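Since the structure comes first, as structure tokens, the remarks are kept for the end.
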Ligand code: NBG
């Protein structure tokens with residue numbers, strides 16, 4: 082295997098090799114070690130250097146100082162004008178201040194507290210503004226609670242003082258005085274500088290109080306858990322149940338995550354490396370507790386601490402629900418990728434949507450699938466941190482107008498709707514490193530900046546209801562992983578998360594850079610499938626319309642920052658957005674896409690001549706009954722790399738799906754075969770196997786470097802190893818058998834072979850073929866002589882997976898499976914020789930239970946249809962046999978493990 086192939090250029094950035102000095106959590110890792118991720122033809126994986134030092138528990142003052150000293154204090158000016166002609170009922174308040182995130186919220190909150198009505202506001206940005214940073218000048222037109230201009234001097238003084246305190250403040254904490262109307266005050270904390278002597282004393286003091294990481298010995302952990310029982314969960318220390326204990330436990334883990342996470346942010350802010358931004362509409366994270374404590378290296382300490390308190394770690398871990406913000410392979414890959422990026426010390430960020438309803442719960446009634454909403458936030462989510470101050474306005478609809486600017490014209494988008502995006506941060510800890518990266522998910526909230534009109538027209542109830550509608554943008558995950566129907570809400574979701582993420586990314590860039598030509602040196606944007614590809618038009622819009630770069634300069638930047646991974650081979654899986662829809666929702670973006678397409682087609686004509694068939698196939702705009710934008714074409718044209726997810730997939734992209742593009746730009750096409758993290762799929766889900774592997778390898782280093790598993794080959798013939806492995810499997814099968822009995826009432830024998838097919842239900846994945854095979858097996862057993870039956874290996878066939886709610890054939894396959902199961906399982910003549918179980922509500926945590934207990938697993942997609950597949954790797958690393966077609970990543974698995982270790986169907990793609 083080529084060394085280059087093992088780098089993590091699936092995230093196709095010119096590689097930044099971060100030389101971090103995070104203290105390692107394990108004392109012994111002074112040597113460079115590598116971590117698991119994806120490769121090409123091997124199920125193994127990139128290497129990143131980790132310079133582990135000794136076990137250090139103190140937090141670095143240098144970096145803390147660094148972060149504090151970067152905050153500069155700027156004096157805001159506030160002018161009050163009651164002579165303005167515009168509206169005799171309002172008082173104009175002009176605020177000029179250094180722009181910062183959340184400032185607008187602070188100001189509007191002050192108005193609310195003082196009982197003032199905000200009638201309208203205008204804003205200007207002054208780039209050369211005070212303190213070297215960007216300044217904003219905002220005029221707020223306010224009236225008192227009766228709708229009148231505020232005339233009395235005392236009130237005006239009070240408003241002015243409250244605003245100055247809130248915007249610029251004079252001390253550490255500034256109280257905004259309580260108004261008579263609310264009777265409440267708020268405390269606005271101001272970022273401190275290191276300016277005065279008094280301040281530096283304060284910083285020393287604060288640092289002195291916080292210079293140690295939380296301790297992780299059992300009694301410290303016990304104290305922390307009980308504190309959270311009492312102060313966070315608000316239960317008595319003497320009476321709390323398993324769920325409450327889980328909540329307290331989770332909060333104590335979260336405290337430890339937050340420490341590392343803060344230090345990671347400070348570290349990267351100081352180092353300012355090129356950052357990887359992974360944009361994905363879906364992340365299938367599953368549970369976080371076990372994964373977090375394992376990556377933090379404190380699982381055993383927690384288990385001991387809990388035991389003394391009378392709780393079992395495993396039992397509490399079972400209390401956690403899955404975070405199911407995704408459908409299938411693509412979404413779980415995103416989750417594995419985050420774990421690997423953190424472990425490999427990459428300065429990476431994941432961006433996505435915080436759906437209120439994750440993937441539907443599947444309930445089986447009379448053999449049929451029924452969908453129920455998954456309101457996963459019902460009982461709170463300790464793994465996220467709501468960042469009320471990290472919010473951005475996202476615009477929709479409206480019109481585009483021409484405006485005179487610097488002797489020329491420029492486009493101005495006047496939106497018709499504005500929604501606020503609020504950040505929810507999920508810290509993702511790496512294993513054996515302090516690097517803890519961020520998965521930032523956006524939730525939609527009504528914007529404070531609109532709708533003043535409707536409130537003032539007196540229809541209060543309707544105004545509130547209309548505002549609530551904004552929240553629907555992030556309310557529900559689309560449950561179809563393969564077809565896109567050009568729905569407005571889906572497009573809104575895409576733009577919403579793209580716009581908020583880019584505002585955040587650009588804000589971070591501008592914190593320390595002023596020249597956009599440096600943007601490609603600092604920012605890599607990875608498009609996870611076409612779902613975030615509006616980001617391309619959005620970056621152009623921001624650079625041209627808001628930052629006033631000329632078109633060609635902006636285009637030069639865009640061409641260097643995007644890379645695109647596609648996860649499908651099926652043409653119907655490629656998104657198209659009807660032009661009418663895009664025009665109404667994002668009028669400026671449509672213009673930009675047209676302009677990109679125009680330039681590109683002109684260039685293309687020069688290269689390929691007037692081959693109109695080919696030009697029309699390659700165009701970003703598809704003419705036809707419904708004129709549409711081909712999102713994949715947009716992504717390919719504007720990305721520097723187009724990534725496939727296995728070798729076979731890449732070949733199909735080059736020779737079929739994107740053939741025209743490959744012939745034009747062969748250098749853009751690359752592939753990185755998918756991978757899965759062994760931390761989740763062995764260490765978390767199969768702890769006994771994990772212990773066995775560490776024992777036989779004599780090291781735990783394989784948890785970061787999966788290639789080391791090959792060391793087990795030396796012991797391949799060792800009967801003691803076989804025996805231990807068998808015991809591990811047996812225990813896992815017992816666990817699975819108990820689960821099957823508990824949820825379906827079917828008793829299965831652990832002496833039978835467990836034959837498993839778990840994945841989304843699709844025709845191409847051929848669950849139907851499996852079921853037909855089971856019917857055939859049943860028929861054979863029924864027709865066998867009694868004596869022959871003794872030769873049959875008893876088998877428990879297990880099938881699990883969800884069908885998209887609108888996918889009729891897939892739903893019928895589920896019904897068929899349950900009908901066949903009903904027949905076979907109730908036939909006393911067959912007994913334990915054959916059982917069929919449909920496991921309902923397949924999700925990440927069900928997979929964690931099923932995979933370690935499987936003897937045989939099926940991956941039998943019609944060859945040429947599975948882009949990669951990752952389930953095969955999860956079963957394989959748990960020592961399970963694969964029954965597979967030569968498709969997707971299986972082809973590379975066969976090469977890796979050798980044909981003699983593989984039962985595969987050679988009806989391969991031709
Ligand atoms: C899936 C493919 C799989 C592949 C994963 C991850 C979607 C839309 N596609 O074969 O079907 O392993 O993506 O790349 O989930």
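Residue numbers (the numbering used here): 82 to 991. For every residue, glycine included, the Cβ atom is placed at its ideal position computed from N, Cα and C. Only a predicted model underlies this, so the values are computations on that prediction, with no experimental measurement involved.
(message) Using a 10 Å radius around the Cβ and a threshold of 16 neighbouring Cβ atoms, would you call residue 738 buried or exposed?
(response) Here residue 738 refers to the residue found at position 657 when the chain shown is read from its first residue. Its Cβ being crowded by 16 or more others within 10 Å, residue 738 is buried.
(request) Taking residue 659 and residue 362 to be in contact with their CB atoms under 8 Å, please state how far apart those CB atoms are, rounded to whole angstroms. (result) Counting from 1 along the chain shown, the entry for residue 659 is found at position 578. Counting from 1 along the chain shown, the entry for residue 362 is found at position 281. Rounded, the Cβ-Cβ distance is 19 Å, inconsistent with contact.
(request) In angstroms with no decimal places, state the Cα-to-Cα distance between residue 504 and residue 472. (result) Walking along the chain shown from the start, residue 504 turns up at place 423. Walking along the chain shown from the start, residue 472 turns up at place 391. So the two alpha carbons sit approximately 6 Å from each other.
(message) Is residue 421 a contact residue of the ligand NBG, with contact defined as CB to any heavy atom under 8 Å?
(response) Translated into positions along the chain shown, residue 421 becomes position 340. No, the Cβ of residue 421 stays beyond 8 Å of every heavy atom of the ligand NBG.
(request) Tell me whether the beta-carbon of residue 914 lies closer than 9 Å to the beta-carbon of residue 941. (result) By 1-based counting over the chain shown, the position of residue 914 is 833. By 1-based counting over the chain shown, the position of residue 941 is 860. Their beta carbons are not under 9 Å apart, which means residue 914 does not touch residue 941 by this criterion.
(request) May I ask you to verify whether the segment 580-592 touches the segment 547-557, counting CB pairs closer than 8 Å and requiring at least 3? (result) no
(request) Count the other CB atoms, across all protein chains shown, that sit within 10 Å of the CB of residue 243; report buried if there are 16 or more and exposed otherwise. (result) As a first step, residue 243 is located in the chain shown; it is residue number 162 there, counting from the start. So residue 243 counts as buried.
(request) Say whether the segment 891-906 touches the segment 330-349, bearing in mind that this needs 3 or more beta-carbon pairs closer than 8 Å, one atom from each stretch. (result) no
(message) If you reduce the DSSP assignment to three classes, tell me which class residue 717 lands in.
(response) Here residue 717 refers to the residue found at position 636 of the chain shown. Correct three-state label for residue 717: helix.
(request) Look at the alpha carbon of residue 983 and the alpha carbon of residue 802, and state the distance between them as a whole number of angstroms. (result) Sequence index remark: in the chain shown, residue 983 carries index 902 (1-based). Sequence index remark: in the chain shown, residue 802 carries index 721 (1-based). Distance between the alpha carbons of residue 983 and residue 802 is about 21 Å.
(request) Return helix, strand or coil for residue 951, following the three-state DSSP convention. (result) Here residue 951 refers to the residue found at position 870 of the chain shown. If DSSP states are grouped into helix, strand and coil, residue 951 belongs with coil.
(request) Rank 526, 581, 844, 445 by C-alpha distance to the C-alpha of residue 919 and give the top, closest one. (result) To locate residue 919, count along the chain shown from 1; it is residue 838. For the residues 526, 581, 844, 445, the minimum Cα distance to residue 919 belongs to 445.
(request) Could you check which residue in 874, 712, 898 has the C-alpha nearest to that of residue 882? (result) Taking the chain shown and counting its residues from 1, the one referred to as residue 882 is at position 801. The residue with the shortest Cα to Cα distance from residue 882 is 898.
(request) Could you tell me which residues DSSP puts in a beta bridge with residue 468? (result) Here residue 468 is taken as the residue at index 387 of the chain shown, counted from 1. Residue 468 is bridged to 504.
(request) Check whether the Cβ of residue 837 sits closer than 8 Å to any heavy atom of the ligand NBG, and report yes or no. (result) As a position in the chain shown, residue 837 is number 756, starting the count at 1. No, the Cβ of residue 837 stays beyond 8 Å of every heavy atom of the ligand NBG.
(request) Could you tell me which uninterrupted beta strand (DSSP E) segments, each at least 3 residues in length, are contained entirely in the segment 561-617, listed from first to last along the chain? (result) 604-609
(message) Quick check: is any heavy atom of the ligand NBG less than 8 Å from the C-beta of residue 162?
(response) The sequence position of residue 162 within the chain shown is 81, counting from 1. False, no ligand heavy atom lies under 8 Å from that Cβ.
(request) Pull up the CB-CB distance for residue 755 and residue 414, whole angstroms please, since I reckon it's below 8 Å. (result) To locate residue 755, count along the chain shown from 1; it is residue 674. To locate residue 414, count along the chain shown from 1; it is residue 333. Confirmed, about 6 Å.
(message) So residue 187 and residue 248 are supposed to be a Cβ contact under 8 Å. How far apart are they, rounded?
(response) Position 106 of the chain shown, counting from 1, holds the residue named residue 187. Position 167 of the chain shown, counting from 1, holds the residue named residue 248. Their Cβ separation, rounded to whole angstroms, is 7 Å, which keeps residue 187 and residue 248 in contact under 8 Å.
(request) Please name the residue or residues paired with residue 451 in a DSSP beta bridge. (result) As a position in the chain shown, residue 451 is number 370, starting the count at 1. Residue 451 pairs with 444.
(request) Please list the segments of the alpha helix (DSSP H) lying wholly inside the segment 290-363, counting only runs of 4 or more residues, in order along the chain. (result) 299-308, 323-352
(message) Within 8 Å, do at least three Cβ pairs link the segment 617-628 to the segment 662-677?
(response) yes
(message) On a Cα-Cα basis, can you pick out the residue from 470, 927, 372 that is closest to residue 764?
(response) Indexing the chain shown from 1 puts residue 764 at position 683. If we check each option's Cα against that of residue 764, 372 comes out closest.
(request) Helix, strand or coil for residue 730, going by three-state DSSP, please let me know. (result) Within the chain shown, the letter at position 649 stands for residue 730. In this structure, residue 730 counts as helix in the three-state DSSP scheme.
(message) Which of the three DSSP states is assigned to residue 540 in this structure?
(response) Here residue 540 corresponds to residue number 459 of the chain shown, with the count starting at 1. Coil.
(request) Ignore the nearest five residues each way along the sequence and tell me which others in residue 303's own chain have a CB closer than 7 Å to its CB. (result) Mapped onto the chain shown, residue 303 falls at position 222. Cβ within range, chain order: 386, 389, 390.
(request) Using only the heavy atoms of the ligand NBG, determine whether one of them is closer than 8 Å to the beta carbon of residue 726. (result) As a position in the chain shown, residue 726 is number 645, starting the count at 1. Yes, Cβ of residue 726 sits closer than 8 Å to a heavy atom of the ligand NBG.
(message) I need the boundaries of the beta strand (DSSP E) containing residue 929, first residue and last residue.
(response) Counted from its first residue, the chain shown places residue 929 at position 848. That residue, residue 929, is in no beta strand (DSSP E); its alpha helix (DSSP H) goes 925-931.
(request) Check residue 494 in the structure and name its three-state DSSP category. (result) The residue given as residue 494 occupies position 413 in the chain shown. Residue 494: strand per DSSP, three-state reduction.
(request) Could you have a look at residue 857 and say whether DSSP puts it in helix, strand or coil? (result) In the chain shown, counting from the first residue as 1, residue 857 sits at position 776. Looking at residue 857 - three-state DSSP - the assignment turns out to be helix.
(request) Please name the residue, chosen from 428, 868, 512, that lies closest to residue 781 on a Cα-to-Cα basis. (result) The residue you call residue 781 lines up with position 700 of the chain shown. Nearest C-alpha to residue 781: 512.
(request) Take residue 528 and list the residues in its own chain whose beta-carbon comes closer than 6 Å to its own, dropping the five residues that flank it on each side. (result) Counted from its first residue, the chain shown places residue 528 at position 447. Once the five neighbours on either side are set aside, the close Cβ partners of residue 528 are 474, 499, 500, 501.
(message) Can you give me the C-alpha to C-alpha distance between residue 821 and residue 828, rounded to a whole angstrom?
(response) Locating residue 821 in the chain shown gives position 740, counting from the first residue. Locating residue 828 in the chain shown gives position 747, counting from the first residue. One C-alpha to the other measures close to 7 Å.
(message) Taking only three categories from DSSP, how would you classify residue 457?
(response) Position 376 of the chain shown, counting from 1, holds the residue named residue 457. Correct three-state label for residue 457: coil.
(request) Using a threshold of 9 Å, state whether the C-beta atoms of residue 970 and residue 839 are closer than that. (result) Walking along the chain shown from the start, residue 970 turns up at place 889. Walking along the chain shown from the start, residue 839 turns up at place 758. Their beta carbons are not under 9 Å apart, which means residue 970 does not touch residue 839 by this criterion.
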